[in-house]
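Colleague: Taking this note's numbering, the leading residue of the sequence shown gets 8, the next gets one more, and so forth.
Okay, handing you the structure first.
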Amino acid sequence: MARKRKGGLAELGGRLLAVGGLFTLLPLFGGASPVFAGLRQLMPMGLLFLCAGAGLLFLGRGRHGQQGGGEVARPRDRARRAPPLKVVPPVAVAAEPPAPPTIVPDVVTRADLTPSPSPKTLTAWGPEVFQAIEWRRFEAVVEALFAQAGMETKSQSHGADGGVDIWLYSKTLPGQPVSIVQCKHWNGRRVGVDKIRELRGVMAAKNVRRGQFATTSTFTPDAEAFAKENGINL
Numbered sequence: 008m009a010r011k012r013k014g015g016l017a018e019l020g021g022r023l024l025a026v027g028g029l030f031t032l033l034p035l036f037g038g039a040s041p042v043f044a045g046l047r048q049l050m051p052m053g054l055l056f057l058c059a060g061a062g063l064l065f066l067g068r069g070r071h072g073q074q075g076g077g078e079v080a081r082p083r084d085r086a087r088r089a090p091p092l093k094v095v096p097p098v099a100v101a102a103e104p105p106a107p108p109t110i111v112p113d114v115v116t117r118a119d120l121t122p123s124p125s126p127k128t129l130t131a132w133g134p135e136v137f138q139a140i141e142w143r144r145f146e147a148v149v150e151a152l153f154a155q156a157g158m159e160t161k162s163q164s165h166g167a168d169g170g171v172d173i174w175l176y177s178k179t180l181p182g183q184p185v186s187i188v189q190c191k192h193w194n195g196r197r198v199g200v201d202k203i204r205e206l207r208g209v210m211a212a213k214n215v216r217r218g219q220f221a222t223t224s225t226f227t228p229d230a231e232a233f234a235k236e237n238g239i240n241l
């Protein structure tokens, strides 16, 4: 019955579409003929028929398609009963003896329970500070020290430094570097004379008379002697 009703809606919608199309399109093709002048007054009614016919056609076909394609199979009248479960009497199993307790030496237990020492908080400058910080922070500390001494500073933070980590300017000569600084964050490795010679070459290339070399390590005697002869402060 439901399918017949939906089919009737679709058929009625098709008829309304045909009548509405006739009332709407026929006056358009008639031109200025007086015969079709009266039909132009029926165009609003034709549009109403078109909308109503389209709605009925959509409802009839859409619901009919859903009901036709989405039917759910009915369950069987009588479900098969599962066979009764067989009750098996319990089987006696011999209990296994408990495992002997694991004996842990006293020393190991105490070591595990001892809390690890908390890291030491450093409150003053010293070798431990410079060993803990990274090289960028070491350069920042060196730049801050020169700024505290009254120098204008400019760090070389991007790209290849060309042997210069910090530029130093005098406040009386703005824009003209008076010295350059090279920094080495080394631990346990002494700075040799080759690094001081490299700094001297950069000074000559940049036309700077004074140079500074800062490190977290120490210098070899040859490096100290060469720096003293070439105007480099260690």
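Cβ coordinates follow ideal geometry from the N, Cα and C atoms, glycine included.
Please classify methionine 210: is it buried, with 16 or more other beta-carbons within 10 angstroms of its beta-carbon, or exposed?
Modeller: Numbered from its first residue, the sequence shown carries residue 210 at position 203. Buried.
Colleague: How far does the beta strand (DSSP E) with leucine 175 in it reach, from first residue to last?
Modeller: As a first step, residue 175 must be located in the sequence shown, where it is residue number 168. Where leucine 175 is concerned, the enclosing beta strand (DSSP E) stretches over 173-176.
Colleague: Using the three-state DSSP reduction, which class does arginine 217 fall into: helix, strand or coil?
Modeller: Within the sequence shown, residue 217 is the residue found at index 210, counting from 1. Strand at arginine 217.
Colleague: Helix, strand or coil for proline 228 per DSSP?
Modeller: Taking the first residue of the sequence shown as position 1, residue 228 is located at position 221. Proline 228 falls in the helix class under three-state DSSP.
Colleague: Just list the residues that DSSP pairs proline 184 with in beta bridges.
Modeller: Along the sequence shown, read from residue 1 onward, the residue named residue 184 stands at position 177. In DSSP, proline 184 forms a bridge with Tyr176.
Colleague: Looking at the unbroken beta strand (DSSP E) that takes in glutamate 159, where does it start and where does it end?
Modeller: For this step, residue 159 is matched to residue 152 along the sequence shown. Segment 159-162, the beta strand (DSSP E) holding glutamate 159.
Colleague: Could you tell me which of Gly182, Leu57 and Ala221 sits nearest to glutamate 159, measuring between CA atoms?
Modeller: Here residue 159 corresponds to residue number 152 of the sequence shown, with the count starting at 1. Checking every option, the nearest Cα to that of glutamate 159 belongs to Gly182.
Colleague: What whole-angstrom Cβ distance do glycine 238 and glycine 218 have, given they're in contact under 8 Å?
Modeller: Locating residue 238 in the sequence shown gives position 231, where the first residue counts as 1. Locating residue 218 in the sequence shown gives position 211, where the first residue counts as 1. Their Cβ separation, rounded to whole angstroms, is 7 Å, which keeps glycine 238 and glycine 218 in contact under 8 Å.
Colleague: So glycine 15 and leucine 64 are supposed to be a Cβ contact under 8 Å. How far apart are they, rounded?
Modeller: The residue you call residue 15 lines up with position 8 of the sequence shown. The residue you call residue 64 lines up with position 57 of the sequence shown. That belief does not hold up - the Cβ atoms of glycine 15 and leucine 64 are roughly 12 Å apart, past 8 Å.
Colleague: Taking the alpha-carbon positions, what's the serine 186 to valine 215 distance?
Modeller: Residue mapping note: residue 186 aligns to position 179 of the sequence shown, counting from 1. Residue mapping note: residue 215 aligns to position 208 of the sequence shown, counting from 1. Each residue's alpha carbon lies about 6 Å from the other.
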